[in-house]
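Take a look at the structure below.
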Amino acid sequence: MTLQVVWFRRDLRLSDHPALCHISSSARVLPLFILDPALLRHPETGAARVAVMLDSLASLGQDLRARQSRLEVRWGEPATTLLQVVRDYGADGVVAHVDTERIVGRVSDARVNRMLAEARIPIHWIEPPGAVAPLLAYSDFRRSWHAAMAQKPLPAPTRLRT
23 MTLQVVWFRR
33 DLRLSDHPAL
43 CHISSSARVL
53 PLFILDPALL
63 RHPETGAARV
73 AVMLDSLASL
83 GQDLRARQSR
93 LEVRWGEPAT
103 TLLQVVRDYG
113 ADGVVAHVDT
123 ERIVGRVSDA
133 RVNRMLAEAR
143 IPIHWIEPPG
153 AVAPLLAYSD
163 FRRSWHAAMA
173 QKPLPAPTRL
183 RT
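Take 23 as the starting number for the sequence shown in this note's numbering and just add one per residue.
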């Protein structure tokens, strides 16, 4: 059975998490969160944002332990850290939600794509609930958003093979 890294980013939860649901039934899972120094040192990142993130990580860790799993937390630039984790654990690939932030997030995702492709490590990107890849007029986005939010949330896995 393969081992897939599920890279948690802005989505610090187990329920309604398409990337986790996508892979957890067919592979062993290594849940990962990377503390990005660029984000933590950004002038728009305040103490309250960091506190909420740390509380959310603690809650996610508890939820994973309740499912006989655990959260691997690393510090570093996302692309190089992700590559190192894959190598450290001998993972077969990575599954993650696309970063919905259109400038910094998509640039970071492109760097991750390049580094993993050079190392021949597959990454499967999944749009998170309510996100849309193309830029849309507000009226079209609103219709898309309301349709996505009307969908029944995905359940959290009851157990993870880690």
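Ideal Cβ placement from N, Cα and C applies to all residues, glycine included.
Using the three-state DSSP reduction, which class does residue i fall into: helix, strand or coil?
i	result
glutamine 26	strand
alanine 141	coil
proline 179	coil
valine 95	strand
leucine 190	There is simply no residue 190 to check, as the chain begins at 23 and stops at 184 in what is shown.
histidine 64	coil
alanine 159	coil
threonine 103	helix
By Cβ distance below 6 Å, which residues in the same chain neighbour residue i in space, the five residues on each side in sequence not counted?
i	result
alanine 178	Leu36 and Ser37
arginine 183	Arg50
histidine 146	Val117
aspartate 77	none
Using a Cβ-Cβ cutoff of less than 7 Å, which residues in the same chain neighbour residue i once the five nearest sequence positions on both sides are dropped?
i	result
arginine 181	Arg89 and Gln90
alanine 153	Val120 and Thr122
arginine 128	Asp121
What are the residues that DSSP puts in a beta bridge with residue i?
i	result
isoleucine 125	Per DSSP, none; premise fails for isoleucine 125.
isoleucine 148	His119
arginine 50	Leu25
leucine 86	Answer is none; leucine 86 lacks a bridge partner.
aspartate 55	The sequence given here places phenylalanine at residue 55; aspartate does not occur at that position. According to DSSP, which records beta bridges pairwise, phenylalanine 55 is partnered with Phe30 and Val95.
Quick one: residues in its chain with C-beta nearer than 8 Å to the C-beta of residue i, no 5 flanking neighbours on either side, listed in chain order?
i	result
leucine 52	Leu25, Gln26, Val27, Val28, Glu94, Val107, Tyr111, Ala113 and Thr184
Discussion item. Is it the case that the segment 104 to 123 contacts the segment 59 to 77, given that we only count it when at least three CB pairs across the two stretches are under 8 Å?
Written reply: Contact fails between the segment 59 to 77 and the segment 104 to 123, because fewer than three Cβ pairs, one in each stretch, are under 8 Å apart.
Fill in: Inter-stretch contact at 8 Å, needing at least 3 Cβ pairs: the segment 94 to 102 / the segment 42 to 57
yes
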